[in-house]
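Here's the structure, in structure tokens; my notes come after.
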Amino acid sequence: MPPAKKRKTRATADPAEAVEAPTPPEPALVQEEAPAHEESSAAAASDEPAARAKERAERFRALQERAKTGAKKNLKEATLESQRLATDPNLLTSLNRKSAIAQHNLMKADAEASGEDFERKRAWDWTIDESERWDKRIKKKGAHRDDQAFQDYRQDSRKVYKRQIRDLKPDMEHYEKEKMAAVEKAAASGGLEIVETDDGELVAVDKDGTFYSTADSTGFVDNTPPKDAVDRLVKDLQQAEDARLKKRRERMGAAEDGDVTYINEKNKQFNTKLNRFYNKYTAEIRDSFERGTMI
1 MPPAKKRKTR ATADPAEAVE APTPPEPALV QEEAPAHEES SAAAASDEPA ARAKERAERF
61 RALQERAKTG AKKNLKEATL ESQRLATDPN LLTSLNRKSA IAQHNLMKAD AEASGEDFER
121 KRAWDWTIDE SERWDKRIKK KGAHRDDQAF QDYRQDSRKV YKRQIRDLKP DMEHYEKEKM
181 AAVEKAAASG GLEIVETDDG ELVAVDKDGT FYSTADSTGF VDNTPPKDAV DRLVKDLQQA
241 EDARLKKRRE RMGAAEDGDV TYINEKNKQF NTKLNRFYNK YTAEIRDSFE RGTMI
């Protein structure tokens with residue numbers, strides 16, 4: 001029988017215990033590092049108020065610069081406004097009109113307070129000619145106000161014609177030059193004779209009757225208008241076309257707010273004519289379709 005094995009009574013040494021444990025820092029080194037940390041904290045604490053003071057100083061300088069810039073800008077705007085008031089005739093006219101209205105209201109209030117007739121008192125400062133011109137102006141203004149609404153195409157054409165005549169600015173200098181050139185040309189050809197009257201006035205006598213235009217004259221076809229007149233005509237036509245297209249867009253925009261029941265402009269006009277006659281009969285049917293109650 002083999003001998004029994006001996007049981008170990010002492011544990012073997014752990015190899016991890018053989019590694020030396022880290023030595024704790026010496027107290028002397030800790031005591032040396034503590035004063036250095038306290039010195040850095042004190043320096044940071046002393047720098048913080050200085051940084052805040054510097055920041056406040058910078059903000060104050062920025063506010064000063066902002067105030068200075070604002071003052072310069074206000075002075076510049078005030079100067080420009082005074083110059084505009086001195087040079088802009090429209091603004092000066094508007095101020096004069098407001099001043100006249102204020103004076104009129106003040107005089108009217110004073111007259112009503114004293115029990116006087118304001119219109120009669122104000123008429124004392126007008127002459128008969130001024131009063132008639134004023135009445136004519138008021139009448140014309142009222143007629144123009146009533147003439148703004150559309151009545152018929154004839155009236156609309158008349159308004160367009162009057163506006164074009166009002167905006168037409170004849171070039172009298174160019175007209176006089178062409179007139180003198182035509183007179184000199186006719187006098188040189190012998191068809192026109194310049195006669196001086198007893199009082200020194202020069203009169204052009206047409207010998208053969210070809211200088212002055214008649215109903216059968218065709219001399220105007222040879223006239224060549226200047227370039228600026230042609231450009232003005234083109235500009236007027238373009239403005240009229242732009243106004244027509246603008247009104248058309250406004251009409252189409254107003255009509256497009258409702259339901260779209262057409263596929264093109266021609267179909268839209270056809271549907272408009274149909275609605276004019278049959279809309280009162282088909283309104284109930286269309287409402288039933290929209291409500292979903294149609295059988």
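Just so we're aligned: the sequence shown equals residues 1 to 295 in the UniProt record's numbering. Backbone N, C-alpha and C define an ideal beta-carbon position, used for all residues, glycine too.
Shown here for Val203: same chain residues with a beta carbon closer than 8 Å to its own, the five before and five after excluded, namely Ile194, Val195, Glu196 and Thr197 in chain order. Look at Leu91 here: in three-state DSSP terms it is helix. For Ala204, the enclosing beta strand (DSSP E) stretches over residues Leu202 to Asp206.
A direct Cα-Cα distance of roughly 16 Å separates Ala186 from Thr214.
If you draw a 10 Å sphere on the C-beta of Phe211, you find 16 or more other C-beta atoms in it, and that means buried. Annotation for Thr261: Asn271 place their beta carbon closer than 6 Å to its own, counting only its chain and skipping 5 residues before and after. Between Asp147 and Lys159, the beta carbon gap of about 7 Å places them in contact (Cβ cut-off 8 Å).
With respect to Gly191, Lys207 sits close: the two C-beta atoms are nearer than 7 Å.
In the three-state reduction of the DSSP assignment, Leu237 falls in the helix class, which pools H, G and I. Look at Ile194 here: in three-state DSSP terms it is strand.
Close CB contacts of His174 within its chain, under the 8 Å cut and outside five residues either way in sequence, are with Pro226 (chain order). The criterion of a C-beta distance shorter than 7 Å is satisfied by Ala111 and Phe118. In the DSSP annotation of this structure, Gln148 is not part of any alpha helix (DSSP H), being labelled neither H nor E. Look at Ser217 here: in three-state DSSP terms it is coil, with no helix or strand label.
A direct Cα-Cα distance of roughly 14 Å separates Ala62 from Ala53. For Val205, the closest C-alpha among the options Phe60, Glu184 and Asn96 is that of Glu184. Between the beta-carbon of Arg84 and that of Leu75 there is about 15 Å, and that puts the pair past the 8 Å contact cut. Rounded to the nearest angstrom, the gap between the Cα atoms of Lys121 and Leu106 is 14 Å.
In the DSSP assignment, Glu265 falls within the unbroken alpha helix (DSSP H) covering Glu265 to Arg291. Rounded to whole angstroms, the separation of the alpha carbons of Glu132 and Gln103 is 23 Å. Counting along the chain, Val183 sits inside the alpha helix (DSSP H) bounded by residues Met172 to Ser189. Nearest C-alpha to Ile165 among Leu233, Ala113, Gly142 and Trp126: Leu233. Annotated three-state conformation of Phe60 is helix, per DSSP.
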